[in-house]
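Notes for the one structure printed next.
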Amino acid sequence: MTPTPDPATQDLLDRIDRFAADELAPLEREHPQFFDHRREFARTDLDHGGVPAREWEELLTEMTRRADRAGLYRFALPAALGGADGSTLAMAQVREHLAARPVGLHSDLQSETSCVGNFPLVELLWRAGTAEQREWIEPLVRREVSGGFGLTEPGHGSAATWMGTRAVRRDGDWVIDGAKRFNTGMHRPGIDVVFARTAGEPGDARGITAFVVPTDTPGFRVERHAWTMAMPTDHSDVTLDGVRVPDSAVLGEPGAGLDLALLFVHESRIRQAASSLGAARFCIDAAVAYAREREVFGRALASNQAVQWPLVELHTEATLVRALVRATAAAMDTDGKVAPSEQVSMCNLRANRLACEAADRAMQVHGGLGYTRDVPFEHIYRHHRRYRITEGTEEIQVRTIARELFGLGRRAGTS
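The letter at position 63 of the sequence shown is residue 73 when you use our numbering, and the numbering goes up by one with no holes.
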């Protein structure tokens, strides 16, 4: 049984459901190819690197326009940006709710575009950006331009402090050289928040600087889009070859870029954990419902303990993960977004794994039907499987938890 949110959040969830029924269901009926067995094929431009098809992206943009008019889309944004200053806890409940619904236009698992917007990059620009940099916010919110987060690299993955990208001062500007991988959103023009070492030694937390780099800057090249387990893709390999930007491109304080990166990933990870929890809940509920109605050997499939017990384990795990996600989200609201670092890692470790396990079990309970595209479990599995890597690998999450548990590394002691 899912705990009832506070009245204000419950009202928001009810508004989401009404909006999905009144505004989005008709759009889905008009474009069935994006939501039935053809979904990934229809959403993917197979002839242009596997990026999202233009018609699919236009439909997502139309969804966000309608959600904005309905007063839903900007919920998490500050009031100054037309939002409702939505709390981290409320957003965790919203993201769980969205993912617990059947596959639909309300929430795209691949791009994380949803009727209640998820804007960690906008938060960075709002918190740390200059007036000039903040001019990108409204175009980003309206999906008129794309925004990328250039942290991960081909040679370093989750080890951000060992990044090879460098930025040096030259003739009054910054010149950036390096490469980024899984640089999301680079299939459309816009900006990329690029992290580069400007001081210190490899492995140092200080000395990394964030730069707001327009994607049409000379020397900024998108080399390819990775064909992934879940399509379409917007995961790009980017090369920065002598990219020259002025001082006004620096986001926040020089050398303090890792603080911004942590703000981004914590905000992203807690919401993704909530989404994985919601997806798991959908799979568990669907499996239970099918087991109760499906008859084998003259009785309900649900009467078999071999069916009951794995679902009981998953249901129990989901209940525990929900409590952890909500407690962590509440702590982020009261103590700061990056304060409960190890708890955020716990949420990601268990929730993202839970989504995969629940999708796999739902396939098994549904038997041959579960292996088909008539049901969405393969879609859910493939899209959520990536978060065990791309939100910081499971191994990195365990490392963060161990660092706190044993008092090791950068955050140990009084630092």
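Ideal placement from N, C-alpha and C gives every residue a C-beta, glycine not left out.
As the structure is a computational prediction, the values presented were derived from the model and not from experiment.
Exercise. I think ALA220 touches PHE205, with their Cβ atoms under 8 Å apart; what is that distance to the nearest whole Å?
Worked result: Walking along the sequence shown from the start, residue 220 turns up at place 210. Walking along the sequence shown from the start, residue 205 turns up at place 195. About 5 Å separates the two Cβ atoms, so the contact holds.
Exercise. In three-state DSSP terms, what is ARG392?
Worked result: For the purposes of this step, residue 392 is taken as the residue at position 382 of the sequence shown. Look at ARG392 here: in three-state DSSP terms it is helix.
Problem set entry | Residue ranges of each beta strand (DSSP E) within the stretch 192-264, 3 or longer | 200-207, 218-224, 230-235 and 245-255, all fully within the stretch 192-264.
Exercise. What are the boundary residues of the beta strand (DSSP E) that GLY377 is part of?
Worked result: Start at 1 with the first residue of the sequence shown, and residue 377 comes out as number 367. Unbroken run through GLY377: none, as it is neither H nor E.
For this session: Give the C-beta separation of ARG105 and ARG395 to the nearest angstrom, bearing in mind that I take them to be a contact with Cβ-Cβ under 8 Å.
Result: Within the sequence shown, residue 105 is the residue found at index 95, counting from 1. Within the sequence shown, residue 395 is the residue found at index 385, counting from 1. That belief does not hold up - the Cβ atoms of ARG105 and ARG395 are roughly 18 Å apart, past 8 Å.
Exercise. Going by beta carbon distance, what residues of the same chain come within less than 7 Å of GLN318, once the five residues before and after it are set aside?
Worked result: Against the sequence shown, residue 318 aligns to sequence position 308. Around GLN318: ALA312.
Exercise. Exposed or buried, PHE307, counting other C-beta atoms within 10 Å across all chains shown (16 or more means buried)?
Worked result: For the purposes of this step, residue 307 is taken as the residue at position 297 of the sequence shown. Taking all protein chains shown into account, PHE307 has fewer than 16 neighbouring C-beta atoms within 10 Å of its C-beta and is therefore exposed.
Problem set entry | Distance between TYR300 and GLU163 (C-alpha atoms, nearest Å) | Along the sequence shown, read from residue 1 onward, the residue named residue 163 stands at position 153. Along the sequence shown, read from residue 1 onward, the residue named residue 300 stands at position 290. Annotation: GLU163 to TYR300 spans about 43 Å, alpha carbon to alpha carbon.
For this session: State the start and end residues of the unbroken beta strand (DSSP E) segment that holds PHE159.
Result: Working through the sequence shown from its first residue, we reach residue 159 at position 149. Where PHE159 is concerned, the enclosing beta strand (DSSP E) stretches over 156-160.
For this session: Name the residue from GLU154, LEU70, GLU133 and LEU150 whose alpha carbon lies nearest to the alpha carbon of CYS125.
Result: Mapped onto the sequence shown, residue 125 falls at position 115. Of GLU154, LEU70, GLU133 and LEU150, the residue nearest in Cα terms is LEU70.
Exercise. What residue does the alpha helix (DSSP H) around ALA177 start on, and which one ends it?
Worked result: Here residue 177 refers to the residue found at position 167 when the sequence shown is read from its first residue. That residue, ALA177, is in no alpha helix (DSSP H); its beta strand (DSSP E) goes 176-180.
Exercise. In the DSSP assignment, what are the bridge partners of GLY114?
Worked result: Against the sequence shown, residue 114 aligns to sequence position 104. Answer is SER117.
Problem set entry | THR19 - DSSP class collapsed to helix/strand/coil | The residue given as residue 19 occupies position 9 in the sequence shown. DSSP places THR19 in helix when its eight states are reduced to three.
Problem set entry | Endpoints, alpha helix (DSSP H) assigned at LEU37 | As a first step, residue 37 must be located in the sequence shown, where it is residue number 27. In the DSSP assignment, LEU37 falls within the unbroken alpha helix (DSSP H) covering 35-40.
Exercise. Alpha carbon to alpha carbon, how far is PRO228 from CYS366?
Worked result: As a working note, residue 228 is residue 218 in the sequence shown. As a working note, residue 366 is residue 356 in the sequence shown. Straight-line Cα distance between these residues: approximately 41 Å.
Exercise. Between MET2 and the rest of its own chain, which residues show a CB-CB distance below 7 Å, the 5 nearest in sequence each way excluded?
Worked result: In the structure as shown, the chain begins at 11 and stops at 425. Residue 2 is therefore absent and cannot be evaluated.
Problem set entry | Rounded straight-line distance, which links the Cα of GLU305 to that of PHE85 | Against the sequence shown, residue 85 aligns to sequence position 75. Against the sequence shown, residue 305 aligns to sequence position 295. Cα to Cα, PHE85 sits roughly 44 Å from GLU305.
For this session: Using DSSP bridges, identify the partner residues of ASP187.
Result: Within the sequence shown, residue 187 is the residue found at index 177, counting from 1. In DSSP, ASP187 forms a bridge with ARG176.
For this session: Evaluate contact between the stretch 197-213 and the stretch 258-276, counting only Cβ atoms and requiring at least three cross-stretch pairs below 8 Å.
Result: Touching, yes.
For this session: Compute the Euclidean distance between the alpha carbons of GLU148 and GLU233, then round it to the nearest angstrom.
Result: The count along the sequence shown starts at 1 and reaches residue 148 at position 138. The count along the sequence shown starts at 1 and reaches residue 233 at position 223. Rounded to the nearest whole angstrom, the C-alpha separation of GLU148 and GLU233 is 28 Å.
Exercise. Does the distance from the C-beta atom of VAL113 to that of PRO242 stay below 7 Å?
Worked result: Sequence index remark: in the sequence shown, residue 113 carries index 103 (1-based). Sequence index remark: in the sequence shown, residue 242 carries index 232 (1-based). Cβ distance not < 7 Å, so VAL113 and PRO242 don't count as in contact.
For this session: Name the residue from GLU352, ILE406 and GLY213 whose alpha carbon lies nearest to the alpha carbon of GLY417.
Result: Looking up residue 417 in the sequence shown gives position 407. Checking every option, the nearest Cα to that of GLY417 belongs to GLU352.
Exercise. ALA110 and PHE292: beta carbons closer than 7 Å?
Worked result: Along the sequence shown, one-based indexing puts residue 110 at 100. Along the sequence shown, one-based indexing puts residue 292 at 282. For ALA110 and PHE292, yes; Cβs fall inside 7 Å.
For this session: Determine the direct distance from the alpha carbon of ARG198 to that of ALA59, and round the result to whole angstroms.
Result: Counting from one through the sequence shown, the residue named residue 59 turns up at place 49. Counting from one through the sequence shown, the residue named residue 198 turns up at place 188. According to the sequence provided, residue 59 is Gly. The question's Ala does not apply to it. Each residue's CA atom was taken as its position, placing GLY59 and ARG198 some 13 Å apart.
For this session: Decide if VAL408 is buried, meaning its Cβ has at least 16 other Cβ atoms within 10 Å, or exposed.
Result: Taking the first residue of the sequence shown as 1, we reach residue 408 at position 398. Result: exposed.
For this session: Check each candidate in LEU108, MET239 and ILE218 and name the one with the smallest Cα separation from GLU50.
Result: As a working note, residue 50 is residue 40 in the sequence shown. Of the listed residues, the one whose Cα sits closest to GLU50 is MET239.
Exercise. Who are the near neighbours of HIS166 in its chain, counting only those whose CB is closer than 8 Å to its CB and skipping five residues on each side?
Worked result: The sequence position of residue 166 within the sequence shown is 156, counting from 1. Closer than 8 Å at the Cβ level, and outside the excluded window around HIS166, lie TRP172, MET173 and GLY174.
For this session: Taking all protein chains shown into account, decide if TYR391 is buried (16 or more other Cβ within 10 angstroms of its Cβ) or exposed.
Result: The sequence position of residue 391 within the sequence shown is 381, counting from 1. TYR391 sits buried, since 16 or more C-beta atoms from the chains shown fall within 10 Å of its C-beta.
Exercise. Under 7 Å between the Cβ atoms of GLY158 and ASN193?
Worked result: Along the sequence shown, read from residue 1 onward, the residue named residue 158 stands at position 148. Along the sequence shown, read from residue 1 onward, the residue named residue 193 stands at position 183. In this structure, ASN193 lies closer than 7 Å to GLY158 by Cβ.
Exercise. Does the stretch 367-380 touch the stretch 91-100, meaning 3 or more C-beta pairs lie closer than 8 Å?
Worked result: Segments in contact, no.
Exercise. Cα separation between GLN344 and PRO42?
Worked result: Along the sequence shown, one-based indexing puts residue 344 at 334. Along the sequence shown, one-based indexing puts residue 42 at 32. Rather than Gln, the amino acid found at residue 344 in this sequence is Thr. Cα-Cα distance, rounded: 43 Å.
For this session: Tell me, please, which residues DSSP counts as bridged to SER124.
Result: Taking the first residue of the sequence shown as 1, we reach residue 124 at position 114. Bridge partners of SER124: SER117.
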